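Participant: Here it is, the structure in full.
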Amino acid sequence: MTHILIVEDEERIASFLTKGLSGAGYHVTWAASGAEALALARAETVDLVILDLGLADMDGLTVLGRLRDAGRTVPVIVLTARTSVTDTVASLEGGADDYMTKPFRFAELLARVKLRLRPLGAADGGGCQRMGCAPGTVLAIGPVHLDLATRRALVDGTEVSLSAREFALAETLMRRPGQIFSREQLLSLVWGYDHDPGSNVVDVYLSYLRKKLGAERIETVRGLGFRWRS
Ligand code: CA
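In this text, residue positions in the sequence shown follow numbering that gives the first Met the number 0: the first is 0, and each later residue adds one.
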C-alpha cells in the first residue's frame with residue numbers, strides 16, 4: 000500500500016488530511032514535529048511526504064534539507080501558510096517537488112499527490128544505465144531520459160544540462176505524454192504558485208527545453224496548450 004507521511008503540527012489539519020488520504024486508499028502516518036518526521040522517514044518506507052514549513056521544533060525547510068542530504072529522493076509536497084515567492088523558491092530549490100499554500104482544496108492536493116506518485120515510464124537500459132542511473136527512477140521516452148533521482152537529463156545517451164525548473168517542466172510533460180497542458184496548468188504544476196497569468200515564463204522555458212532536448216519533442220496545440228509528443 001502506498002505510504003504517505005504527513006508532517007504537520009496542527010492536529011486539525013493533520014486529521015483532515017489523514018481522513019481524506021486514507022479515504023483515497025493511502026496508508027497515512029502523521030508526524031507532529033520535524034524530529035519525528037525525520038525519524039519516521041528514516042525508519043519506514045515512505046512513498047511521499049506532505050510537509051508543513053511552520054513546525055514547532057524546526058523549520059520544514061530544515062527537514063527537507065536533511066532528507067535530501069541523507070540521499071532520500073522521496074517526493075515532497077510542501078503545504079504551508081507561507082505564500083511568499085521567496086518561500087516557494089526556497090522550497091523548490093531545497094528539493095521539494097511541489098508547493099501548495101493553505102487554505103487549500105483537498106481535491107487539488109489529491110491530484111498533485113497522484114501526479115507525484117504516478118508510476119514512471121518503463122525505465123530502459125540504454126544511455127541511462129551506462130550513466131549509472133538507478134533503476135526505477137528513470138523517465139524515458141524515445142531518446143530522452145530523465146533520471147529523477149539525480150536530476151540529470153540525457154538525449155541519445157549524452158548528458159544535457161537542465162536547470163531545476165527546466166527539469167521540472169520536462170518531467171511534468173513527460174509523465175503524461177500526449178496529454179495537453181494549458182499554460183495555467185504548467186504554471187501551477189511547475190511554478191506552483193499564483194504567477195502573473197500574463198507572464199510568458201512558460202513559453203520562455205519551453206523554448207529553452209526545445210533547444211536542449213529537441214524542438215520536435217514538445218508540440219504546441221493552438222489555443223489549448225502544449226504536449227510531449229508520444
Ligand atoms: Ca504549522
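The beta carbon of each residue, even a glycine, is placed where N, CA and C say it ideally should be.
Just so you know, these numbers come straight off a predicted model, no measurement behind them.
Comparing alpha-carbon positions, which option in Leu37, Thr87, Leu50 lies nearest Leu188?
Facilitator: Thr87
Participant: Assign Arg104 to one of two classes, buried (16 or more other C-beta atoms within 10 Å of its C-beta) or exposed (fewer than that).
Facilitator: exposed
Participant: For the beta strand (DSSP E) containing Ala30, list its first residue and its last residue.
Facilitator: 26-30
Participant: Is Thr61 helix, strand or coil by DSSP?
Facilitator: Helix.
Participant: Considering only heavy atoms of ligand 1, list every residue whose Cβ is less than 5 Å from one of them, following chain order.
Facilitator: Selection output, chain order preserved: Asp8, Asp51, Gly53.
Participant: Based on Cα-Cα distance, which residue from Lys18, Asp46, Leu52, Ser21 lies nearest to Ala31?
Facilitator: Leu52
Participant: Three-state secondary structure (DSSP) at Phe180?
Facilitator: strand
Participant: Check each candidate in Gly93, Tyr98, Met173 and name the one with the smallest Cα separation from Arg81.
Facilitator: Tyr98
Participant: Pop quiz: Thr61 and Gly94 are said to be a contact at Cβ under 8 Å. What is the actual Cβ separation, rounded to whole angstroms?
Facilitator: Not really, about 12 Å apart at Cβ, beyond 8 Å.
Participant: Between Thr171 and Leu185, which are expected to be in contact by the criterion C-beta below 8 Å, what is the C-beta distance as a whole number of angstroms?
Facilitator: 7 Å
Participant: Are the CB atoms of Ile179 and Val220 nearer to each other than 8 Å?
Facilitator: yes
Participant: Given a threshold of 16 other Cβ atoms within 10 Å of its Cβ, counted over all protein chains shown, does Val137 qualify as buried or as exposed?
Facilitator: So Val137 ends up on the buried side.
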